[in-house]
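Novice: Structure in structure tokens, see below.
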Ligand SMILES: Nc1nc2c(ncn2[C@@H]2O[C@H](COP(=O)(O)OP(=O)(O)OP(=O)(O)O)[C@@H](O)[C@H]2O)c(=O)[nH]1
Ligand SMILES: [Mg+2]
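In this note's numbering, the protein residues as written are 894 to 1128.
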């Protein structure tokens, strides 16, 4: 005999709640939705990479270029210290540090808590600089609209196939530190091919925050995403 699904026994006007106690990622997804509902007009970008691939430097340079035309804020996660937030504030960016207390990734509940401590009243574009790590951050939705993963020229072009989930869940891969490409064995063509075998829709831009390469293309990508978000939230 087939059992009647529990939901069919519920009175009208009630909700069958999922049990998320043993399902951390499902609970995270509930919180990610709460973040999306709370800041519907802001374009949120989750910036991921290994430690030291150039995330904070990119945030600083992006702020310098786009700060006059867009309201930019950054929530930056690190296991310890406020160093990255201080670096961003030094160039005028509204930045708040999330100290994860040793954790190797940001979870949605950390972002939700942080939203109470940052003024986003004139923010169009909110970056989340994730903890440097190509593995765990891939599993946690932070309520972002887009995920951008940096892969520095110095890290080797074999990473997308070794850490596929990060590249599978990203919309854009930035090959960072492109100014170093002449000095290291790294093929942009090979890494693009590998990454697109993991995720055929992945966009790729080679970028150097220090030497200005690709920065205009990156800024144009951001402008388009902010515009799309504005139009979507106005509907
Ligand atoms: N050559 C070169 N070096 C860069 C570039 N971008 C960043 N760097 C250097 O790379 C190092 C790490 O840069 P960060 O911006 O701190 O990297 P990060 O990804 O924020 O590091 P974590 O937050 O610790 O994961 C610094 O010494 C930067 O000056 C670049 O485009 N070219
Ligand atoms: Mg950083």
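Backbone N, C-alpha and C define an ideal beta-carbon position, used for all residues, glycine too.
Everything numeric in this text was worked out from a predicted model, so none of it was measured.
1) Rounded to whole angstroms, what's the CA-CA distance from residue 994 to residue 905? Just pull it up for me.
2) Using a Cβ-based criterion (distance less than 7 Å to any ligand heavy atom), does residue 1069 qualify as near ligand 1?
3) Quick check: the Cα distance between residue 1084 and residue 907, rounded to an integer number of angstroms?
4) Just to confirm the assignment: which complete alpha helix (DSSP H) runs, minimum length 4, are found wholly within the region 1011-1063?
5) Hey, quick one: how far does the alpha helix (DSSP H) through residue 956 stretch, first residue to last?
6) Among 1032, 1065, 1033, which has the Cα closest to the Cα of residue 1042?
7) Taking C-beta to C-beta, are residue 863 and residue 982 nearer than 8 Å?
8) Determine contact between the region 951-967 and the region 1020-1032, defined as no fewer than three beta-carbon pairs at a distance below 8 Å.
9) In three-state DSSP terms, what is residue 1094?
10) Say whether the region 1048-1061 touches the region 1004-1014, bearing in mind that this needs 3 or more beta-carbon pairs closer than 8 Å, one atom from each stretch.
11) Using only the alpha-carbon positions, how far apart do residue 917 and residue 924 sit?
12) Expressed to the nearest angstrom, what Euclidean distance is found between the alpha-carbon atoms of residue 1082 and residue 1094?
13) According to DSSP, residue 990 sits in a beta bridge with which residue or residues?
14) Which residue from 1103, 931, 977 puts its Cα closest to that of residue 969?
Specialist: Walking through what the data contain:
1) Residue 994 and residue 905: Cα-Cα distance of roughly 44 Å.
2) Residue 1069 Cβ: within cutoff of ligand 1.
3) Rounded to whole angstroms, residue 1084 to residue 907 spans 50 Å at the Cα level.
4) You should have 1052-1055, 1057-1061.
5) Segment 948-959, the alpha helix (DSSP H) holding residue 956.
6) Of the candidates 1032, 1065, 1033, the one whose C-alpha sits nearest the C-alpha of residue 1042 is 1065.
7) A question about residue 863 goes unanswered here, because the residues of the chain that appear run from 894 up to 1128.
8) Yes: the two stretches touch, three or more of their Cβ pairs being nearer than 8 Å.
9) Coil.
10) Taking a contact to require three or more Cβ pairs closer than 8 Å, the region 1048-1061 and the region 1004-1014 do not qualify as touching.
11) Within the model, the alpha-carbon separation for residue 917 versus residue 924 is close to 11 Å.
12) Cα to Cα, residue 1082 sits roughly 16 Å from residue 1094.
13) Note: residue 990 sits in a beta bridge opposite 969.
14) Ranking 1103, 931, 977 by Cα distance to residue 969 puts 977 first.
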